[in-house]
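Beneath this line is the structure, given in structure tokens, with notes to follow.
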Amino acid sequence: MMRSGFFPRNAAAARGPVAVYSDHAITLMAALLLSVAPVKGFGATTEAGPDASSKPTSKTPSKSTAGKAVRGVAVPPGKTAGASSGLAHVGAGEEIVATGAADRTSPAFRVATLTNSTVRVAVVTAAQLLQTGQTNVISALQMTSPEINAPPGGGGGAYSTTPTQTVILRNLNADETLVLVNGVRRHISALGNWGDGPAEGTEPADLSLIPLSAIDHVEIITEGATALYGQDALGGAVNIVLKSGARNGGTANLMNSGYYRGDGQAIEGYGDIERTIGHRGGGIDIAWQVLNQLPTHRDGLNTATLYGPQDAALQQKVGQDVNRVEGLSKSLAEVFSFNGHVPVTDRVDAYLTGTRGHRTTDRVGFPRGPANNNNVRAIYPNGFAPIETFDELDFQVNGGLRGVLPLGVSWNTYSSFGREQVNEDVENDLNPTFGAQSQTNFHQGTIVASELIGGAKFSKEFRSAALPKPAVLDFGLEYRHDTYQLGQGDYQSWATGPVLIGQTGVQPSSGAVGYAGFEPVNAGNWSRDIFDGHVGLDIFVTKKWEWTIGGRAVSYSDLGAAPTGSIGTRYNFSRRFALRANVNTGYRAPTLGAVHYNATSTGPGEVTENLSDFDPTARLLGATGVKGESSRSYNIGFDWTPLDSLHLSLDGYRIDINDRIESTTEFSGPLMNQFLYSQGITSSPTDKIYVTYMTNIGNTTTNGFTGKISYQFPVDPSWGKLVGTVMANAADTEVTHYASTPAILGQLGQTYFDSLSRNNLLRASPKNKESFALDWSRGRYSVYVQEQRYAGVEWINYSGDPASTWTHIRPQVQTNVEFSARVGRGFTLTVGANNLFNKYPTHVKRSTVAETQGTIAYPMTAPGGYEGGYYYARVGYVF
Numbered sequence: 001m002m003r004s005g006f007f008p009r010n011a012a013a014a015r016g017p018v019a020v021y022s023d024h025a026i027t028l029m030a031a032l033l034l035s036v037a038p039v040k041g042f043g044a045t046t047e048a049g050p051d052a053s054s055k056p057t058s059k060t061p062s063k064s065t066a067g068k069a070v071r072g073v074a075v076p077p078g079k080t081a082g083a084s085s086g087l088a089h090v091g092a093g094e095e096i097v098a099t100g101a102a103d104r105t106s107p108a109f110r111v112a113t114l115t116n117s118t119v120r121v122a123v124v125t126a127a128q129l130l131q132t133g134q135t136n137v138i139s140a141l142q143m144t145s146p147e148i149n150a151p152p153g154g155g156g157g158a159y160s161t162t163p164t165q166t167v168i169l170r171n172l173n174a175d176e177t178l179v180l181v182n183g184v185r186r187h188i189s190a191l192g193n194w195g196d197g198p199a200e201g202t203e204p205a206d207l208s209l210i211p212l213s214a215i216d217h218v219e220i221i222t223e224g225a226t227a228l229y230g231q232d233a234l235g236g237a238v239n240i241v242l243k244s245g246a247r248n249g250g251t252a253n254l255m256n257s258g259y260y261r262g263d264g265q266a267i268e269g270y271g272d273i274e275r276t277i278g279h280r281g282g283g284i285d286i287a288w289q290v291l292n293q294l295p296t297h298r299d300g301l302n303t304a305t306l307y308g309p310q311d312a313a314l315q316q317k318v319g320q321d322v323n324r325v326e327g328l329s330k331s332l333a334e335v336f337s338f339n340g341h342v343p344v345t346d347r348v349d350a351y352l353t354g355t356r357g358h359r360t361t362d363r364v365g366f367p368r369g370p371a372n373n374n375n376v377r378a379i380y381p382n383g384f385a386p387i388e389t390f391d392e393l394d395f396q397v398n399g400g401l402r403g404v405l406p407l408g409v410s411w412n413t414y415s416s417f418g419r420e421q422v423n424e425d426v427e428n429d430l431n432p433t434f435g436a437q438s439q440t441n442f443h444q445g446t447i448v449a450s451e452l453i454g455g456a457k458f459s460k461e462f463r464s465a466a467l468p469k470p471a472v473l474d475f476g477l478e479y480r481h482d483t484y485q486l487g488q489g490d491y492q493s494w495a496t497g498p499v500l501i502g503q504t505g506v507q508p509s510s511g512a513v514g515y516a517g518f519e520p521v522n523a524g525n526w527s528r529d530i531f532d533g534h535v536g537l538d539i540f541v542t543k544k545w546e547w548t549i550g551g552r553a554v555s556y557s558d559l560g561a562a563p564t565g566s567i568g569t570r571y572n573f574s575r576r577f578a579l580r581a582n583v584n585t586g587y588r589a590p591t592l593g594a595v596h597y598n599a600t601s602t603g604p605g606e607v608t609e610n611l612s613d614f615d616p617t618a619r620l621l622g623a624t625g626v627k628g629e630s631s632r633s634y635n636i637g638f639d640w641t642p643l644d645s646l647h648l649s650l651d652g653y654r655i656d657i658n659d660r661i662e663s664t665t666e667f668s669g670p671l672m673n674q675f676l677y678s679q680g681i682t683s684s685p686t687d688k689i690y691v692t693y694m695t696n697i698g699n700t701t702t703n704g705f706t707g708k709i710s711y712q713f714p715v716d717p718s719w720g721k722l723v724g725t726v727m728a729n730a731a732d733t734e735v736t737h738y739a740s741t742p743a744i745l746g747q748l749g750q751t752y753f754d755s756l757s758r759n760n761l762l763r764a765s766p767k768n769k770e771s772f773a774l775d776w777s778r779g780r781y782s783v784y785v786q787e788q789r790y791a792g793v794e795w796i797n798y799s800g801d802p803a804s805t806w807t808h809i810r811p812q813v814q815t816n817v818e819f820s821a822r823v824g825r826g827f828t829l830t831v832g833a834n835n836l837f838n839k840y841p842t843h844v845k846r847s848t849v850a851e852t853q854g855t856i857a858y859p860m861t862a863p864g865g866y867e868g869g870y871y872y873a874r875v876g877y878v879f
């Protein structure tokens with residue numbers, strides 16, 4: 001069964017009953033005037049190797065490092081960086097990432113280096129992101145980080161209810177990765193992934209609405225760290241660090257891209273301007289990105305009878321190439337950001353960060369022929385294909401004050417407000433139950449999600465003769481207010497009109513065909529209050545042995561309290577070799593969207609009900625309320641630099657998660673239909689209806705490892721520099737305990753968590769991913785070649801499909817290349833290709849072609865995509 005039979009697209013106008021409240025401006029002003037600060041500890045354990053040092057940042061550090069990352073800081077042997085830099089005990093030539101380290105606030109957010117940390121954070125530079133040729137940070141991270149997967153179309157292609165991609169870290173759900181910008185929690189998207197796929201049932205933050213040109217680097221912590229960094233970090237965290245005005249200059253880029261098939265052309269312009277402020281280290285960066293993406297389609301020929309005998313001539317003229325479901329959607333995105341900081345006094349800094357994104361997306365649904373029971377010939381004599389639209393407006397503003405008290409206590413007060421509003425509409429559609437009086441364009445409804453944050457963090461360094469190095473105690477308090485709103489759609493978008501018999505003699509579906517709007521019963525406004533407190537201690541028991549201990553307690557107004565903790569250690573056997581290990585407990589609350597989202601969607605001859613956990617029908621079918629997930633994770637790894645030109649790291653991990661939050665099976669069949677009819681829920685016992693809701697499906701265990709080798713080849717300097725990198729990640733998730741099937745579902749012959757649901761959780765994302773890359777540069781020229789492999793995955797189309805119809809997607813191996821040359825003063829020309837040899841994934845089984853009327857030709861969850869070869873050309877200018 002298809003979970004979201006039609007494909008969403010949005011309306012441009014902010015319509016519907018969900019208003020932009022009058023106090024919204026007051027809230028925004030408060031967020032601007034207050035402040036925000038980075039979370040402690042990001043930048044711990046950068047993989048300092050030849051690959052890192054070969055790509056230093058082009059920025060020159062300003063006098064103050066407040067609010068920005070400091071890279072490439074080298075301290076001579078035997079020396080120690082001064083307290084004003086926020087760097088301590090840095091070895092010669094080691095690369096540092098000091099997110100938020102400030103000369104007036106150190107060591108509130110201290111820097112851990114390669115020889116001084118208990119957690120591993122992989123760093124992806126801005127240059128590496130741009131080297132992928134991708135148009136958003138999520139797709140770029142998938143190509144640069146072995147731990148990250150980003151399935152196309154939100155995880156379900158056209159079957160997904162969101163047009164955005166998601167970050168899947170270590171094969172866990174997207175919601176189990178904490179997303180930060182400059183160390184500040186990023187608000188989640190209003191659009192949840194309520195369709196099929198590896199991201200099913202999630203509502204994560206949308207990183208694609210941050211300009212690529214604004215990013216200095218991305219930090220990826222790859223172990224459970226809710227006690228250290230915040231709730232939701234069961235699998236790890238991703239921190240995007242923005243440029244902050246370290247120099248006077250800027251960049252401008254124009255890129256054209258497309259696919260070998262001749263479709264999917266995109267024009268993209270992006271850039272930024274950096275300016276220093278005053279003479280005491282202030283600065284600001286303003287960035288922008290505009291992307292106009294045309295659609296692709298990889299559908300098969302339509303196998304349905306779209307036209308009756310009386311329309312044979314029209315059938316011959318139109319042909320069967322009418323499906324436009326599987327592929328990229330048409331979209332237009334405009335994204336803007338700013339990030340700045342300025343000293344207020346000698347001991348206090350102020351800083352402010354903001355992002356704003358606007359995106360419209362159009363997606364085409366299944367075609368309905370003239371003879372289709374849901375068509376009205378008086379409106380569409382030749383049939384129709386609905387176009388679903390999304391109009392997204394997203395922004396977040398963070399601001400803060402931070403400084404150092406006379407006793408050496410670093411402090412940081414901060415505030416943040418983020419909000420996304422999505423208007424959903426459908427065009428070229430109708431409601432057949434209103435006959436010739438039906439609308440053809442509908443407003444389906446409005447979804448809004450927001451988060452207000454305010455808090456304070458403190459840190460104090462303690463020195464003792466008994467300790468070889470200072471111990472650091474940090475603690476803080478935070479308040480968050482989350483909201484989620486659903487606004488109803490136009491009356492005809494969901495209502496049943498007077499026409500109860502369609503043109504084929506049976507009852508047509510109610511509401512807009514393909515995707516009915518939100519009904520009054522769906523609409524609502526929900527919120528929760530969250531109080532968060534944490535404390536952490538970093539201590540060296542010997543000069544080579546470090547321990548970190550952290551604790552966090554979070555209280556939710558609707559779920560109760562959730563304490564978590566962590567303990568980590570690292571032993572530096574020498575400057576070249578270190579072992580580290582961590583044990584963490586974690587907690588993730590269900591998002592408000594996961595608890596309250598409810599909607600109806602229709603496909604050819606079927607209706608799907610995504611029920612809220614509080615819906616009376618869901619309760620009738622055994623729903624008891626969604627609990628939060630709790631986890632325990634273990635990580636052990638090493639860093640080894642046997643040669644100055646060779647660096648190796650390897651981490652093994654185990655993640656146990658109890659009460660996994662997932663969507664149930666789509667309950668269906670004659671007994672279910674009869675039961676729903678007997679309860680007055682459906683109008684006919686023969687209605688083909690599918691019902692699902694969110695629940696806790698049981699417990700899982702994930703075992704895996706991540707490894708990386710970097711080597712700078714000993715070539716003659718006159719031939720330039722050649723760096724090779726090998727990266728791999730393997731993660732296998734298994735269910736260790738399934739929740740019991742409610743008695744009523746057992747009586748109706750239903751399975752609580754069937755093969756499709758299990759596949760979405762366990763087999764729809766690749767268990768392992770490997771890549772090998774060579775990066776050569778000499779003078780004005782550079783060449784990058786990458787070979788990337790994704791393990792095979794399973795594709796199941798409908799619930800109840802027998803195993804003989806499942807499609808096993810063979811491993812995908814793709815070659816990516818880029819050639820770049822600096823020409824003239826400040827200009828760079830770049831050409832490249834992803835999937836150079838135009839490889840496609842395995843075709844779906846013939847049974848899938850038949851049951852989708854030819855729409856699905858390739859599995860929509862193919863981890864390497866199903867679009868074929870991709871090319872791009874870019875001209876860049878640095879000033």
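Take the sequence shown: its position 143, counted from the start at 1, is 143 in full-length UniProt numbering, and no numbers get skipped. Ideal Cβ positions, reconstructed from N, Cα and C, are used throughout, including at glycine.
{"Asked": "C-beta atoms of THR355 and PHE390 nearer than 8 Å", "Found": "no"}
{"Asked": "Validate contact between the segment 839-854 and the segment 119-129 using beta carbons, cut 8 Å, 3 pairs", "Found": "no"}
{"Asked": "Beta-carbon gap between ILE220 and SER145 smaller than 8 Å", "Found": "yes"}
{"Asked": "The segment 470-486 / the segment 452-459 touching (three or more Cβ pairs under 8 Å)", "Found": "yes"}
{"Asked": "Whole-Å CB distance - ALA857 paired with ASP299, under 8 Å assumed", "Found": "6 Å"}
{"Asked": "Check: ARG789 C-beta below 7 Å from any heavy atom of the ligand GTP", "Found": "The ligand content of the structure shown is nil, which means the ligand GTP is not present either."}
{"Asked": "Cβ neighbour criterion (16 or more within 10 Å) applied to TRP795", "Found": "buried"}
{"Asked": "TRP494 to VAL607 span [Cα, whole Å]", "Found": "12 Å"}
{"Asked": "Distance between GLY593 and TRP194 (C-alpha atoms, nearest Å)", "Found": "10 Å"}
{"Asked": "Whole-angstrom C-beta distance between GLU629 and TYR587, which should lie under 8 Å", "Found": "7 Å"}
{"Asked": "Bounding residues of the alpha helix (DSSP H) (the contiguous stretch that carries TRP494)", "Found": "491-494"}
{"Asked": "DSSP state of PHE434 mapped onto helix, strand, coil", "Found": "helix"}
{"Asked": "Extent of the continuous alpha helix (DSSP H) to which LYS317 belongs", "Found": "312-318"}
{"Asked": "Counted within 10 angstroms of its Cβ, other Cβ atoms place VAL595 as buried (16 or more) or exposed", "Found": "buried"}
{"Asked": "Sequence-distant residues of its chain with Cβ nearer than 8 Å to ARG780 (five each side left out)", "Found": "ALA821, ARG822, VAL823"}
{"Asked": "Cβ neighbour criterion (16 or more within 10 Å) applied to GLY746", "Found": "exposed"}
{"Asked": "Start and end residues, beta strand (DSSP E) containing LEU762", "Found": "That residue, LEU762, is in no beta strand (DSSP E); its alpha helix (DSSP H) goes 755-762."}
{"Asked": "Stretch pair the segment 480-489 + the segment 515-531: three plus CB contacts closer than 8 Å", "Found": "yes"}
{"Asked": "6 Å CB neighbourhood of PRO742 in its chain, flanking five on each side removed", "Found": "GLY622"}
{"Asked": "Euclidean distance between Cα positions of VAL472 and VAL583", "Found": "20 Å"}
{"Asked": "Identified DSSP bridge partners for ASP687", "Found": "Its beta-bridge partners do not exist; DSSP assigns none."}
{"Asked": "THR226 - containing alpha helix (DSSP H), residue span", "Found": "226-229"}
{"Asked": "SER244 and GLY269 closer than 8 Å at C-beta", "Found": "no"}
{"Asked": "Complete alpha helix (DSSP H) runs within the segment 401-465 (minimum length 4 residues, chain order)", "Found": "none"}
{"Asked": "Bridge partner(s) assigned by DSSP for ASP362", "Found": "LYS330, THR389"}
{"Asked": "Expected contact under 8 Å - CB spacing of THR695 and THR665 to nearest Å", "Found": "Between THR665 and THR695 the Cβ distance is about 10 Å, and since that is not below 8 Å, they are no contact."}
{"Asked": "Secondary structure of LEU500, DSSP reduced to three states", "Found": "coil"}
{"Asked": "Beta-carbon proximity of MET255 to TYR872, cut-off 8 Å", "Found": "yes"}
{"Asked": "Inter-residue spacing [alpha-carbon to alpha-carbon] between ARG874 and VAL290", "Found": "14 Å"}
{"Asked": "Terminal residues of the alpha helix (DSSP H) in which ALA126 lies", "Found": "126-130"}
{"Asked": "Burial state of ARG810 (16 or more Cβ within 10 Å)", "Found": "exposed"}
{"Asked": "Environment of GLY230 [buried if 16+ CB atoms lie within 10 Å]", "Found": "buried"}
{"Asked": "Test: VAL541 CB closer than 8 Å to a CB of chain D", "Found": "Given the protein chain composition of this structure (a single chain), no chain D is represented."}
{"Asked": "DSSP state of PRO766 mapped onto helix, strand, coil", "Found": "coil"}
{"Asked": "Cβ shell of ARG377 (< 8 Å), same chain only, five flanking positions each side left out", "Found": "PRO370, GLN503"}
{"Asked": "GLY746: first and last residue of the uninterrupted alpha helix (DSSP H) it sits in", "Found": "743-747"}
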